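One structure is given here, and the rest of the page talks about it.
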Amino acid sequence: TIGIVAIDHNGNIAAGTSTNGAKFKIPGRVGDSPIPGSGAYAMNNIGAASATGDGDIMMRFLPSFHAVQAMKYGHNPKDAAQLAINTIVQYYPEFSGAIIVVDKYGHYGAACHGFDKFPYSIANSNFGKVMVLYAEC
Amino acid sequence: PSTPVVINTWAFTDSTTKSWSILNSNGSAIDAVVAGCTVCEQNQCDGTVGYGGSPDENGETTLDALIIDGVTMNMGAVGHMKRIKDAAKVARHVMENTKHTLLVGDGATQFAIQMGFKETDLSTNYSLTLWNQWKTNCQPNFWNNVRPNPEKYCGPYKPNPSSKSKPTSNFVDMKNHD
Numbered sequence: 238t239i240g241i242v243a244i245d246h247n248g249n250i251a252a253g254t255s256t257n258g259a260k261f262k263i264p265g266r267v268g269d270s271p272i273p274g275s276g277a278y279a280m281n282n283i284g285a286a287s288a289t290g291d292g293d294i295m296m297r298f299l300p301s302f303h304a305v306q307a308m309k310y311g312h313n314p315k316d317a318a319q320l321a322i323n324t325i326v327q328y329y330p331e332f333s334g335a336i337i338v339v340d341k342y343g344h345y346g347a348a349c350h351g352f353d354k355f356p357y358s359i360a361n362s363n364f365g366k367v368m369v370l371y372a373e374c
Numbered sequence: 007p008s009t010p011v012v013i014n015t016w017a018f019t020d021s022t023t024k025s026w027s028i029l030n031s032n033g034s035a036i037d038a039v040v041a042g043c044t045v046c047e048q049n050q051c052d053g054t055v056g057y058g059g060s061p062d063e064n065g066e067t068t069l070d071a072l073i074i075d076g077v078t079m080n081m082g083a084v085g086h087m088k089r090i091k092d093a094a095k096v097a098r099h100v101m102e103n104t105k106h107t108l109l110v111g112d113g114a115t116q117f118a119i120q121m122g123f124k125e126t127d128l129s130t131n132y133s134l135t136l137w138n139q140w141k142t143n144c145q146p147n148f149w150n151n152v153r154p155n156p157e158k159y160c161g162p163y164k165p166n167p168s169s170k171s172k173p174t175s176n177f178v179d180m181k182n183h184d
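This is the structure:
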């Protein structure tokens, strides 16, 4: 699955996902990726987020919506990402997943669980090029 | 502010590069997101995006995608879409050309065809090989509380009222995830 968040020159925010889902799923199964608030979420006056991992579990907690709402109530992107992951871990300590979060200013953060580390890719006006960063889980 | 910015899950840098080039050409955030997703669909990123990956129990590859406009809160998505390669582009059409949010299955396929997309088989030799290997013993699978025991046997399955296992998470790694 890929989840993408972008902020353009006008400060407008968009988010999206694309996936072929889990291997050997039961026919008819849809994961979290196309579910608003789960696979991704965006609000122009706050920021956006996108999640990846075990979609059957993640969609039960709407982690992208959770992270954006956390930023609305004052958390920075890194903390918002961790809050969304922590809520899932409370119920499913063995789950694997990650989330990337960006606020409307372009500040970003990521959190993960169940992997050693989680890679994500970013390009912004500070880097001026594409970088791969890692979140420690 | 550190904008414009594009950030995506996993080390799918071809997608980031495409999205970044669009933002730097004064393209919109939506254009950047759709184009980045489309690159991954065409590149079959880690076998987890696009055609030819993650076959289901019947050996079929189906696609899901979502596009969100943070300005208007308009959204479009497709789920379990069959036989159409461009999932993100179709999701954008759902957002821009319907009042709905999510279309699924064969209905999503018919919508895509109406929007001008070409119907094609999403299987590849790779996905069919994966599926044939899995089919020999049907492990792992996603069945629970059924008989015969899904950890040992293939289906078809029936509900097993005497079995009550706790909800658990699934195996996920870099090559198998949502």
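Protein sequences, first through last, are from chains A and B.
Using my numbering, the letters of the first sequence correspond one by one to residues 238 to 374.
Using my numbering, the letters of the second sequence correspond one by one to residues 7 to 184.
Heads up, the beta-carbon is just placed ideally off N, CA and C, and yes, glycines get one too.
Model, not experiment: these values are computed from the prediction.
Report buried or exposed for residue i, applying the criterion of at least 16 other Cβ atoms within 10 angstroms of its Cβ.
i, result
"E102 (chain B)", "exposed"
"F355 (chain A)", "buried"
"T254 (chain A)", "buried"
"Q68 (chain B)", "In the sequence under discussion, the amino acid at residue 68 (chain B) is Thr, which differs from the Gln named in the question. That one is buried."
"V11 (chain B)", "buried"
"E47 (chain B)", "buried"
"N147 (chain B)", "buried"
"N131 (chain B)", "exposed"
"Y345 (chain A)", "buried"
"D291 (chain A)", "buried"
"G311 (chain A)", "exposed"
"K260 (chain A)", "buried"
"E63 (chain B)", "buried"
"K262 (chain A)", "buried"
Would residue i and residue j be called neighbours here (beta carbons separated by less than 8 Å)?
i, j, result
"G85 (chain B)", "D70 (chain B)", "yes"
"T15 (chain B)", "I337 (chain A)", "yes"
"G226 (chain A)", "S129 (chain B)", "Any answer about residue 226 (chain A) is impossible in this case: the structure gives chain A only from 238 up to 374."
"T22 (chain B)", "S287 (chain A)", "no"
"Y342 (chain A)", "I74 (chain B)", "no"
"A251 (chain A)", "V339 (chain A)", "no"
"D245 (chain A)", "A35 (chain B)", "yes"
"A372 (chain A)", "A321 (chain A)", "no"
"V178 (chain B)", "K95 (chain B)", "no"
"G56 (chain B)", "I241 (chain A)", "no"
Taking the beta strand (DSSP E) that residue i belongs to, which residues open and close that run?
i, result
"S255 (chain A)", "250-256"
"G82 (chain B)", "80-88"
"N103 (chain B)", "Segment 93-103 is the alpha helix (DSSP H) holding N103 (chain B); no beta strand (DSSP E) there."
"H303 (chain A)", "Element bounds for H303 (chain A): not the beta strand (DSSP E) but the alpha helix (DSSP H), 300-309."
"G240 (chain A)", "239-244"
"I336 (chain A)", "334-340"
"T324 (chain A)", "Here T324 (chain A) belongs to no beta strand (DSSP E); instead the alpha helix (DSSP H) covers 314-328."
From what residue to what residue does the alpha helix (DSSP H) around residue i run?
i, result
"L128 (chain B)", "Taken as a continuous stretch (DSSP letters only), L128 (chain B) belongs to no alpha helix (DSSP H), as it is neither H nor E."
"N49 (chain B)", "35-49"
"D112 (chain B)", "111-120"
"T19 (chain B)", "19-30"
"M295 (chain A)", "292-295"
Examine the Cβ distances between the stretch 91-106 of chain B and the stretch 76-83 of chain B and report whether three or more of them are shorter than 8 Å.
Counting Cβ pairs under 8 Å, three or more are found: they touch.
Three or more C-beta pairs closer than 8 Å, one from the stretch 107-116 of chain B and one from the stretch 293-312 of chain A: is that the case here?
Under the three-pair Cβ rule at 8 Å, the stretch 107-116 of chain B does not count as touching the stretch 293-312 of chain A.
Report yes or no: do the stretch 173-184 of chain B and the stretch 260-277 of chain A share at least 3 C-beta pairs separated by less than 8 Å?
Judged by Cβ distances under 8 Å, the stretch 173-184 of chain B makes contact with the stretch 260-277 of chain A, as three or more pairs qualify.
Taking contact to mean at least 3 C-beta pairs separated by less than 8 Å, is the stretch 160-169 of chain B in contact with the stretch 298-318 of chain A?
Between the stretch 160-169 of chain B and the stretch 298-318 of chain A there are fewer than three C-beta pairs closer than 8 Å, too few to call the two in contact.
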